[in-house]
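Visitor:
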Amino acid sequence: MKRIFLGLLLLGIFAAILIPSLFKEPYRPPLLSQLREKYHKKASKSADHSKFLPLQKPFTRPQEVTEACISCHNQRHIEVMKSSHWNWERLEYVTGKGIRAIGKKNILNNFCIGIASNEAACNKCHIGFGFKDASFDFQNPLNVDCLSCHDLSNTYLKASGGAGMPDPSVNLNIVAQSVGRPTRNNCGTCHFFGGGGNNVKHGDLEMALFDTEREIDVHMGTDGVDLSCVDCHTAKNHQMLGKVYSLSSMNRDRVQCEQCHTDKPHQQTILNRHGIKVACQTCHIPTYAKVNPTKMEWDWSTAGNLKNGEPYEEKDSLGMVAYTSLKGTFTWARNVKPEYLWFNGTATHVLLGEPINPTQVVKINELFGSYRDPEAKIIPVKIHRAVQPYDKKYNYLVQPKTYSVTKGDSGFWNDFDWQKAIQAGMQHLGLPYSGDYGFVKTEMTWPINHMVAPKSQALSCVECHSRENSRLAALTDFYLPARDRNYWIDHIGKGLIIFTIIAVILHTLLRIYHSTKNQARRDV
Amino acid sequence: MRIYIYRRFERFWHWMQALLVMLLMLTGFEVHGSYTFFGYENAVHYHQIFAIAYLILVVFAIFWHLVTGEWRQYLPTLQNIRAQLDYYLFGIFRNAPHPTRKTALSKLNPLQRIVYFGFKVLVIPVMGLSGILYLFYRYPQQYETLPFGFVGIKSIAYWHTAGAFVLVAFLIAHLYLITTGTTIFSNLKAMITGYEEVTDHHPTSDSQKQEEVVI
């Protein structure tokens, strides 16, 4: 009876250890070769555009190309003209501010600040021809630039300062006959260079991705699965999935890792459970700006210093421009550990003309979320900190005119005169300017989603679960095992242990003392 | 005089519990962030395995105590408790005899009874319950309510940590008190072999037989 009982118990304990591993689905990670088979081989084109007659006639103006496109694809332009790529604004509910049409058209940032009065330069990246000021006709289908996204010849180029017109050197016939599904080259031409240079804005989108390795980007590495942007950023009727919260406000149309990976991607349940509160990116993107530096700080207040009446540049240890008379002082960084925050998919923005508090750091965009919010997860972000001009009387951020072709046209990059530049920019926007400008500290928050590392580089537990140097040190609204403890429980607990040890030692000493005394007495 | 005090299951249970509790402490305080030993991921993993093994042991132990009636050993009594305290505080230094005698029918002294009883109704349930909640804690998913959703991981962890400190203090005191038997090693020997040397105690052979029958 006893033996049976003991046997049963032993069996039970062993079963507790062994059964879970017996019943666990053997985990078979997808082989790289299988993934390559699935994604690397792209479907061949269903049509060879070089054979189509409408594309044979010599094009002189880009609008003629669009006309030719529409002659067959006679509904697509309608879709394109509904997209944010075209409108540079979208109707969204902005928390606390109601439904607003916001986008590149009317939101200021803390990099080059804004497009207003600078359209000729900034709107090079608009998918239209000639968006040079408010007079641009958003209703004219012939203004749609199909080629910027669909050119596969890699010869299409938009002109600098051309407000979206192609460079005169482009052979439009070669481009028109090469069109197809957008590649990373099409997207990257604009999205890798936001903020006026490679990797300036995002930190996780840069020209290294044109041709990269698995080690840098596990998805886009050409030695790996070799995904292109549109494999994740799918588009139904030209409405691309995914958006960035420098301009967006609502929790919709987001690209999710779960689209492919499901919400239980790990072998270990405990890791899958983390996914309820922690975004995939948090552990799987340990650092950003892995290849080329990204801009972390931008101080406009130092801009405009001249040497012998001429603008000049200074470089930092990374070989990046640390000061330029045109834009001020920069800080660059490479392999940056992200900052972390709770994010529920909604955000707010400082709208044009909205009052700010210049005594505090102005959050140009603010991402919402907290531990208590069931929709919120911890995400990694890049925070870009800047010092930029504002109107001291009206207390709002101002739009300077930075770009101009010639001197004397108020453009700061030619005239180096804030007064004139702000005057011109604000006039362009139709907002009053008091003539009294100052500089205010601002912050922009950029979620980090790209350049996901291979799983071998994912964060280990102690990156967050540790008392010192936890990556989540700034998120204090929840209990994180190993990082957190209750001061009183820990101190009273330690006190109890120390008290016990002291009591044991004292008792032992007394026993030894008395036993030797008793021994001595007996000996006497 | 050798008497049979601890039965086979009891000894097995005791040593298995000792092993598991110490392993749970070692891994548990690493999860708490007190030190690094196994590595965090391993510590969490091992702690879970030891915890489940321990829970199974507890189930068997409860069953054994109930069917053998041995649970009565833990009923606290105020009788002789003063004498027992006096012994530890004064008598032991004078080489005074133990105030209570250990038999198979009463193997715990009054102080042990009270402390172990406290453990069984307070510390172990708190550790077990908070441990189970910790183990199965899951944040509510979107639009989902959980039966224990209202219990935050914070309070669960606080209870579990507080209990752990008490257990460590208990373990230290317990290890020391082993040495306060008739001789320094007599208690330890009893827990290993089941038999203890007892002086000036003459149980009738009848009662010993009776005890064997109880099993």
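Chains as they are written, first to last, in my numbering: chain S, 1 to 524; chain V, 1001 to 1215.
Cβ atoms here follow ideal geometry from the backbone N, Cα and C, with glycine treated the same way.
(1) Return the chain-ordered list of same chain residues with a C-beta closer than 7 Å to the C-beta of His-1160 of chain V, the five sequence neighbours on each side being excluded.
(2) Taking only runs that begin and end inside the segment 57 to 96 of chain S, name each unbroken alpha helix (DSSP H) of 4 or more residues, in chain order.
(3) Ala-1169 of chain V CB to nearest chain S CB: under 7 Å?
(4) Is it buried or exposed for Ile-379 of chain S, if we count other Cβ within 10 angstroms and need 16 for buried?
(5) Please report the residue range of the alpha helix (DSSP H) in which Arg-521 of chain S lies.
(6) How about Gly-7 of chain S: is its C-beta nearer than 7 Å to some C-beta of chain V?
(7) Do we get a CB-CB distance below 7 Å when we pair Arg-522 of chain S with the residues of chain V?
(8) Can you tell me the Cα-Cα spacing of Ser-325 of chain S and Thr-183 of chain S, whole angstroms?
(9) Starting from the C-beta of Asp-523 of chain S, find all residues in its chain whose C-beta is less than 6 Å away, skip the five residues before and the five after it, and write them out in chain order.
(10) May I have the straight-line CA-CA distance separating Thr-269 of chain S from Met-296 of chain S, to the nearest angstrom?
(11) May I ask you to list the residues that DSSP assigns as paired with Tyr-396 of chain S?
(12) Smallest Cα separation from Ala-289 of chain S: which of S:Glu-206, S:Leu-318, S:Phe-210, S:Gln-267?
(13) Going by C-alpha distance, which of S:Ile-276, S:Gln-360, S:Ala-120 is nearest Lys-387 of chain S?
(14) Could you give the residue range of the alpha helix (DSSP H) that holds Gly-1028 of chain V?
(15) Any beta carbon from chain V within less than 7 Å of Arg-471 of chain S's own beta carbon?
(16) Taking the alpha helix (DSSP H) that Asp-231 of chain S belongs to, which residues open and close that run?
(17) Taking 7 Å as the CB-CB cut-off, is Val-1031 of chain V touching chain S?
(18) Have a look at Glu-1070 of chain V and Glu-1197 of chain V and give me their C-alpha separation to the nearest angstrom.
(19) Look at Glu-92 of chain S and Ser-246 of chain S and say whether their C-beta atoms are less than 7 Å apart.
(20) Helix, strand or coil for Thr-1204 of chain V, going by three-state DSSP, please let me know.
(21) Buried or exposed for His-507 of chain S, please, with buried defined as at least 16 other CB atoms from any protein chain shown within 10 angstroms of its CB.
(22) For Leu-6 of chain S, which residues in the same chain have their Cβ closer than 6 Å to its Cβ, ignoring the five residues on either side in sequence?
(23) Mind listing which residues of the segment 497 to 508 of chain S have their C-beta closer than 8 Å to chain V's C-betas, in chain order?
(24) Can you tell me whether Glu-1196 of chain V is helix, strand or coil according to DSSP?
(25) Given 8 Å as the limit, is there contact between the segment 417 to 431 of chain S and the segment 477 to 494 of chain S, that is, 3 or more CB pairs closer than that?
(26) Relative to the alpha-carbon of Lys-42 of chain S, which residue among S:Arg-181, S:Phe-52, S:Thr-234, S:Gln-239 has its alpha-carbon at the smallest distance?
(27) Identify the residues that DSSP records as bridge partners of Phe-330 of chain S: which are they?
(28) Check the Cβ-Cβ distances between Ile-969 of chain V and every residue of chain S, and say whether any is below 7 Å.
(29) Report yes or no: is there a C-beta of chain V within less than 7 Å of the C-beta of His-219 of chain S?
(30) Quick one: give me the first and last residue of the beta strand (DSSP E) that His-49 of chain S is part of.
(31) Cutting at 6 Å between CB atoms, please list the residues of its own chain near Phe-416 of chain S, excluding the five before and the five after it.
(32) In terms of residues, what are the limits of the alpha helix (DSSP H) holding Phe-1165 of chain V?
(33) Compare the beta carbon distance of Lys-377 of chain S and Asp-436 of chain S with 7 Å and say whether it is the shorter of the two.
(34) Which residues mark the beginning and the end of the beta strand (DSSP E) in which Glu-354 of chain S is found?
(35) Tell me whether Asp-477 of chain S is buried or exposed, calling it buried when 16 or more other Cβ atoms sit within 10 Å of its Cβ.
(36) Leaving out five residues before and five after Arg-233 of chain S in sequence, what residues of the same chain have Cβ atoms less than 7 Å from its Cβ?
Guide: Put simply:
(1) Met-1127, Ser-1130, Gly-1131, Tyr-1134
(2) 62 to 72, 76 to 80, 84 to 87
(3) yes
(4) buried
(5) 487 to 523
(6) no
(7) no
(8) 36 Å
(9) none
(10) 37 Å
(11) S:Asp-391
(12) S:Glu-206
(13) Sequence inspection shows Val at residue 387 of chain S; the Lys mentioned does not correspond to that position. Val-387 of chain S has its Cα closest to that of S:Gln-360, out of S:Ile-276, S:Gln-360, S:Ala-120.
(14) 1008 to 1031
(15) no
(16) 229 to 232
(17) yes
(18) 22 Å
(19) no
(20) Low confidence applies here, because Thr-1204 of chain V scores a pLDDT of 44, under 50, leaving its location unreliable and the question unanswered by this model.
(21) buried
(22) none
(23) Ile-497, Phe-499, Thr-500, Ile-501, Ala-503, Val-504, His-507, Thr-508
(24) strand
(25) no
(26) S:Arg-181
(27) S:Trp-298
(28) There is no way to answer for residue 969 of chain V, as the model of chain V reaches only from 1001 to 1215.
(29) no
(30) His-49 of chain S -> no beta strand (DSSP E), and no H or E assigned at all.
(31) Gly-304
(32) 1153 to 1177
(33) no
(34) Run containing Glu-354 of chain S: none; DSSP gives neither H nor E here.
(35) exposed
(36) Before going on, a small fix: residue 233 of chain S reads as His here, not Arg. So the qualifying residues of the chain are Met-240, Leu-241, Gly-242, Val-255.
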